[in-house]
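Chains as they are written, first to last, in the working numbering: chain A, 53 to 383; chain B, 53 to 383; chain C, 53 to 383; chain D, 53 to 383. C-beta atoms are modelled at their ideal positions from N, C-alpha and C, and glycine is treated no differently. What follows is a set of notes on a single structure, which appears directly below.
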């Protein structure tokens, strides 16, 4: 097997048109912790995240994806990763001066999404009043709202989920774990999951029939148990936040989920559970929707709104229905 | 960082003086699935384990550890691992003809325990009546007893937990995650945890003051939630199995636990939860017992019986108390 | 307040056209315990049910409701209850010779359903091999399948849920806890819940637009936690049983639910959780569907199939849609 | 059976020497909601409690029990209860002008504890910003700290638990559910549980060998799941509150528990789960400690500190050990 190059999903940058409203939501309702503010960005993390931040909120035209950051397995592996990316012609060069980590090499995946990879990272240092009574936790546990623990994954929208997955696998060693096909086009992958860790995915790839590149469908934080996920849904409803989809359980990855929107309109997911898989030579699993790919209980489709990615594209119901018919994802 | 060489803990071999009684316990009470029988051994796995087996039960003088098996990250990494082991002079040579996997290189860690590493592995193939309705699971879920899902870790007993941990880290790239010291000897590690995955440990190292090498303290299976762990404790009590320790939660690793004995006298643990850590350069965390290293709730010591490792050494209560006083682990 | 007359829902009789298939399902998949067989009936109970049985399965034209049995608060209260029932003209007389309990007075509620009330009851006596190691449990806990603990409620179908609820309250002291109205007829109760205990309901009343009296929509067993409910759904799917609706959480009563069918076609529900309410003068709560009456998360309607009651009436899709439009329950 | 007279445990009054510190603890760490303040008292309730308050904190010499309040089954039942109490000579007369409820009749149980019973009660009315989006909940769910839902029980200390239990049963219809005896005095009840609801107890009676009457051991609030109980323990530890005992599960009543102290030194318990029992003629269950009466897992004794009741009596370790030896409760 090729050497492992990436150690983990490090953070996601999300662009929001209302930085203050979004920040309040993540802090007050989801319970993220503030790590600082610089330029047009606010930096946030879950109480159990070890790094300086796992979410960078940036003011701008949005909702949209800024970039996705990965930490390499080590300094040599960073160099190897850069060389491999450059061979594919998708490199954009080094980016210095990031908050919370060292030099990052930026690149665009085939779907047009901006990624970066770095090695040097700043660990979160809790101030004395937040020092943890447990030496292995980055900070004291003082839950607020949903009190999410740590980042889980990001799911981007792309014209060719399978092609992207192969590019990630061959270039950087992401494992291609599972995919869903559509009934009428049994060779077309409408959703794929890749991972650099033990979970079914830290990067999701969902089919985007629109002509707009580099869109994002959602990103996700993790809570420690299904019970905490259900408690989070109660917190959200009582905070006036509509639940878009769930709570439920995905067949693919076996994670429990709940989806909702933050004030910018961006979709956020919370997860719990999921299987653990450690096989470098894992053979990708093919799912058909009726096997429970999305809804483990096999009795629900997704609501049409889940088809929307960001930035939003003008919505034609007939297109949605066509896509829906095509994918079978929403039946 | 050095290249990653091991991908996962693959299985544990346990020696039992009563193969039939032990097998019945693992199958009927813990809910393991039988994978076959060959020679003096029975092969077992959790319903969610992907490989041919994760537990090999072998008839013999016991209870005792047979060996611990690791899967490499790939075929090249297997060769690298072997070369590194041979440099330390601890190699014992290749072992062919194992059930369920290809050629394995065997070695003894400093504590005298027998390990092996291999790459080629046989995946479990469910017979038709056990075929899973979910493509990503190795078999149908038909829970029996505690219905454990997959192997979690093994904890061996050794004269020098810290020295062993360093050997595993430097030779094979195990990460050294956390350790506990004792109040009167703040530089002496009485318990250490190493891992090749995201959890706090897949290999535990507990101080053994006895002169007997290569003993084992326990090994562990995983269930999907704390609720399943508590349900398992109820199942055990109703099956007439005493609970030795727990249910509770460890501070180190943040895993929920319950300990008990199988018919051979061997200690078995069930786990749920635990943190997820992906940092190749994680700086080992130092715990003192009163910080909740063992009991997260900081209000209990372990019972003295937990000090017993396998094969048992003649028990002198005063020695136990001395060791206890020395370690502070049981206060 | 009037004296309390009923102490609990005691059992439900369900008629099935295939007694053997239904029995196997309840025993093997739901994990009910067999209490005996007499005539055309099989008697079953959850492992935590204290009485001889909580489910009587009877061979016959079905699926259908046989009868619903309540235990009185005492022998005097039984006499008072009978007198009250007779005043309403709905009594059918005493029924002797029941299995598992003493003389029962039978009556028909306004919806035509057959009920009975008795005081003398036979407690389940476990045989030695099933004797509980805990003195307060009726039997040893040896879980099988979903391993349901005890009966929860029965939901009948009736032309006038509100009228029936008032009859139960005024005649026998059931508390009328909550109801749902429909958007276009805000004074028409399409679903009502009454209780003689601390939960939101042990008797549900759902609007039945069909001309067939005395139908039943479903009955339910209880498991100890939401986690056990989700585990039960996994067990069902792996046993080849489709999940009709859920897992989810009702706003009314705050119970977690999952619905499915047994081999006769009869709908069965499992519940966990729920609020606890002890107020004799509780003022009935009015719910509109969009407030989460059925789906606490406010983002789902029931599938049309949930509209079906038993015995089934010939199904006209347009009628279902009409009823659906009328009730708003399925949007 | 005699008519049921009491419908529920309504509230507990606790005396604390530091009203402000205790109030901050209950509000900030346990998450109780403030209902008002009058005279030397602060009134509090869980977010799911329907009445004006379930906890009255009063400044004074403490920690100690003020009084225990029960709501009657109705206005007639209140009169019947008063007549019955007066027949026993334990009545203390009517008490008017309480905050949150109507006229209360006060009485002292044989153990000297002050109780009251009333019918008229003030329901909590949420201000607009706390109005619940769910019509059946008394207020919006905005969890803070442990976020306890509602009152559960109170456990008093008395020289004769069995005698007291009989008095409550015969006078007011409390059900006597379970008791524990001691090995050397198998006829002496050291702990008894009575209830007016479906749980194993809303009133506990623990043996008090001291000469001080009317002491209290602890009182308890309820959370919706074991997972919430474990989360609460994490919250407490991170707030610097030591866990005195637990988290664990009692055999008697099958409730999950965790015990700790509020700033006054008073012991508070949190509960989850528990069986449901509806039998008016339930025959009291006898437990011996080794059957898991206190610790369901049968592998732990209580810490000696749990023996302490309030107000504290000067502590002689040898007496504690004697009592411990006598009761076997702490082995």
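Self-check item: Spatial neighbours of residue 249 of chain B in its chain, beta-carbon cut-off 7 Å, leaving aside the 5 residues before and after
Solution: Taking the first residue of the second chain as 1, we reach residue 249 of chain B at position 197. Excluding residues up to 5 positions away in sequence, 60 lie with their Cβ nearer than 7 Å to the Cβ of residue 249 of chain B in the same chain.
Quiz item: Exposed or buried, what is residue 263 of chain C when buried is set at 16 or more other beta-carbons lying within 10 Å of its beta-carbon?
Solution: By one-based count along the third chain, residue 263 of chain C stands at place 211. Flag for residue 263 of chain C reads exposed.
Quiz item: Can you give the Cα-Cα distance for residue 244 of chain A and residue 315 of chain A, rounded to whole angstroms?
Solution: Counting from one through the first chain, the residue named residue 244 of chain A turns up at place 192. Counting from one through the first chain, the residue named residue 315 of chain A turns up at place 263. When rounded, the distance between both Cα atoms is 28 Å.
Quiz item: Would you report the Cα separation of residue 143 of chain D and residue 117 of chain D, rounded to the nearest angstrom?
Solution: Position 91 of the fourth chain holds residue 143 of chain D. Position 65 of the fourth chain holds residue 117 of chain D. Looking at the backbone, the Cα of residue 143 of chain D and that of residue 117 of chain D are separated by about 18 Å.
Practice problem: Kindly indicate which three-state DSSP category residue 386 of chain A falls into: helix, strand or coil? | Solution: The question about residue 386 of chain A has no answer, for chain A in this structure spans 53 to 383.
Quiz item: With burial defined as no fewer than 16 other Cβ atoms inside 10 Å of the residue's Cβ, what is the status of residue 310 of chain C: buried or exposed?
Solution: Taking the first residue of the third chain as position 1, residue 310 of chain C is located at position 258. Residue 310 of chain C comes out buried.
Quiz item: Expressed to the nearest angstrom, what Euclidean distance is found between the alpha-carbon atoms of residue 329 of chain A and residue 170 of chain B?
Solution: One-based indexing of the first chain puts residue 329 of chain A at position 277. One-based indexing of the second chain puts residue 170 of chain B at position 118. When rounded, the distance between both Cα atoms is 17 Å.
Quiz item: Using 8 Å as the Cβ pair cut-off and three pairs as the minimum, do the stretch 140-158 of chain B and the stretch 186-198 of chain B touch?
Solution: no
Exercise. Would you please verify whether the beta carbon of residue 308 of chain C is less than 8 Å from any beta carbon of chain D?
Key: Taking the first residue of the third chain as position 1, residue 308 of chain C is located at position 256. No, residue 308 of chain C lies away from the interface with chain D (no Cβ there is under 8 Å from its Cβ).
Practice problem: Give the DSSP-derived three-state secondary structure of residue 178 of chain A in the structure shown. | Solution: Translated into positions along the first chain, residue 178 of chain A becomes position 126. If DSSP states are grouped into helix, strand and coil, residue 178 of chain A belongs with coil.
Practice problem: Alpha carbon to alpha carbon, how far is residue 132 of chain A from residue 380 of chain C? Give it in angstroms, no decimals. | Solution: For the purposes of this step, residue 380 of chain C is taken as the residue at position 328 of the third chain. For the purposes of this step, residue 132 of chain A is taken as the residue at position 80 of the first chain. Residue confidence for residue 380 of chain C is low, a pLDDT of 48 falling below 50, so the modelled location carries little weight; the figure read from the coordinates is stated next. The alpha-carbon atoms of residue 380 of chain C and residue 132 of chain A are separated by roughly 59 Å.
Exercise. Output, in sequence order along the chain, the residues in the stretch 344-358 of chain A whose CB is closer than 8 Å to any CB in chain C.
Key: 344, 348, 349, 350, 351, 352 and 355
Self-check item: Proximal residues to residue 54 of chain D (C-beta, below 6 Å), its chain only, five neighbours per side dropped
Solution: Along the fourth chain, one-based indexing puts residue 54 of chain D at 2. If we look at residue 54 of chain D and ignore the five residues flanking it on each side, its Cβ neighbours are 225.
Quiz item: Within 8 Å (strictly less), CB to CB, does residue 240 of chain A reach chain B?
Solution: By 1-based counting over the first chain, the position of residue 240 of chain A is 188. For residue 240 of chain A, the answer is no, since every Cβ of chain B falls outside 8 Å of its Cβ.
Exercise. For residue 126 of chain D, return the contacting residues in chain C, with the cut-off set at a CB-CB distance below 8 Å.
Key: Looking up residue 126 of chain D in the fourth chain gives position 74. In chain order: 53, 54, 332 and 333.
Exercise. Would you list, in chain order, the members of the stretch 175-199 of chain D that have their beta-carbon closer than 7 Å to a beta-carbon of chain A?
Key: 185, 192, 193, 194 and 195
Quiz item: What do you get for residue 235 of chain A, buried or exposed, if any count of 16 or more other CB atoms within 10 angstroms of its CB means buried?
Solution: Working through the first chain from its first residue, we reach residue 235 of chain A at position 183. Exposed, since its Cβ has fewer than 16 Cβ neighbours within 10 Å.
Exercise. Provide the residue span of the beta strand (DSSP E) that contains residue 313 of chain A, from first to last.
Key: If you number the first chain from 1, residue 313 of chain A lands on position 261. Element bounds for residue 313 of chain A: 307-313.
Exercise. Provide the residue span of the beta strand (DSSP E) that contains residue 323 of chain C, from first to last.
Key: For the purposes of this step, residue 323 of chain C is taken as residue 271 along the third chain, with counting starting at 1. Element bounds for residue 323 of chain C: 319-325.
Quiz item: CB-CB under 6 Å to residue 140 of chain C, same chain, minus the five flanking residues each way: which ones, in chain order?
Solution: If you number the third chain from 1, residue 140 of chain C lands on position 88. 223, listed in sequence order.
Self-check item: Within 8 Å, strictly: CB atoms of residue 23 of chain A and residue 56 of chain B
Solution: Outside the modelled stretch of chain A, which goes from 53 to 383, sits residue 23 of chain A, for which no answer is possible.
Quiz item: How is residue 114 of chain C classed by DSSP in three states: helix, strand or coil?
Solution: By one-based count along the third chain, residue 114 of chain C stands at place 62. The answer is coil: DSSP assigns residue 114 of chain C none of H, G, I, E or B.
Quiz item: Expressed to the nearest angstrom, what Euclidean distance is found between the alpha-carbon atoms of residue 298 of chain D and residue 153 of chain B?
Solution: Position 246 of the fourth chain, counting from 1, holds the residue named residue 298 of chain D. Position 101 of the second chain, counting from 1, holds the residue named residue 153 of chain B. Roughly 44 Å separates the two Cα atoms.
Quiz prompt | First through last residue of the alpha helix (DSSP H) which encompasses residue 60 of chain C | solution = The residue labelled residue 60 of chain C in the question sits at position 8 within the third chain. Segment 58-68 is the beta strand (DSSP E) holding residue 60 of chain C; no alpha helix (DSSP H) there.
Self-check item: Residue-chain proximity (residue 277 of chain B, chain C), Cβ-Cβ < 8 Å
Solution: Position 225 of the second chain, counted from the first residue, corresponds to residue 277 of chain B. Yes, residue 277 of chain B counts as interfacial toward chain C.
Quiz item: How far does the beta strand (DSSP E) with residue 338 of chain B in it reach, from first residue to last?
Solution: The residue you call residue 338 of chain B lines up with position 286 of the second chain. Taken as a continuous stretch (DSSP letters only), the beta strand (DSSP E) holding residue 338 of chain B covers 337-339.
Quiz prompt | Per-residue burial, residue 307 of chain B [other beta carbons within 10 Å of its own, 16 or more giving buried] | solution = To locate residue 307 of chain B, count along the second chain from 1; it is residue 255. Residue 307 of chain B should be labelled buried.
Quiz item: Under 9 Å Cβ-Cβ, which residues of chain C neighbour residue 40 of chain A?
Solution: Residue 40 of chain A is absent from the structure shown; chain A starts at 53 and stops at 383.
Self-check item: First through last residue of the alpha helix (DSSP H) which encompasses residue 74 of chain D
Solution: Position 22 of the fourth chain holds residue 74 of chain D. Counting along the chain, the alpha helix (DSSP H) containing residue 74 of chain D begins and ends at 71-76.
Quiz item: Among residues of its own chain, excluding the 5 on either side of residue 233 of chain C, which ones have a beta-carbon nearer than 8 Å to its beta-carbon?
Solution: Position 181 of the third chain, counting from 1, holds the residue named residue 233 of chain C. Within the same chain, residue 233 of chain C has close Cβ partners 239, 240, 241, 242, 338, 339 and 340.
Practice problem: Could you tell me whether the stretch 275-292 of chain D touches the stretch 278-289 of chain A, using the rule of 3 or more Cβ pairs below 8 Å? | Solution: yes
Self-check item: Cβ-based burial, residue 108 of chain C [other Cβ within 10 Å; buried from 16]
Solution: Translated into positions along the third chain, residue 108 of chain C becomes position 56. So residue 108 of chain C counts as buried.
Self-check item: Beta-carbon proximity check, residue 72 of chain D vs residue 110 of chain D, cutoff 8 Å
Solution: As a position in the fourth chain, residue 72 of chain D is number 20, starting the count at 1. As a position in the fourth chain, residue 110 of chain D is number 58, starting the count at 1. It is not a contact, given that the beta carbons lie outside the stated cut-off.
Exercise. Can you grab the Cα-Cα spacing for the pair residue 182 of chain C / residue 287 of chain B, in whole Å?
Key: Position 130 of the third chain, counted from the first residue, corresponds to residue 182 of chain C. Position 235 of the second chain, counted from the first residue, corresponds to residue 287 of chain B. Near 13 Å, if we compare the C-alpha coordinates of residue 287 of chain B and residue 182 of chain C.
Quiz item: Given residue 324 of chain A, which residues of its chain have a CB within under 6 Å of its CB, disregarding the five upstream and five downstream residues?
Solution: On the first chain, residue 324 of chain A is found 272 positions in, with the first residue counted as 1. Taken in chain order, the residues that qualify are 275, 277, 278, 281 and 308.
Quiz prompt | chain A residues whose Cβ lies nearer than 8 Å to that of residue 282 of chain C | solution = Here the question's residue 282 of chain C lines up with position 230 in the third chain. Chain A residues near residue 282 of chain C: 278 and 301.
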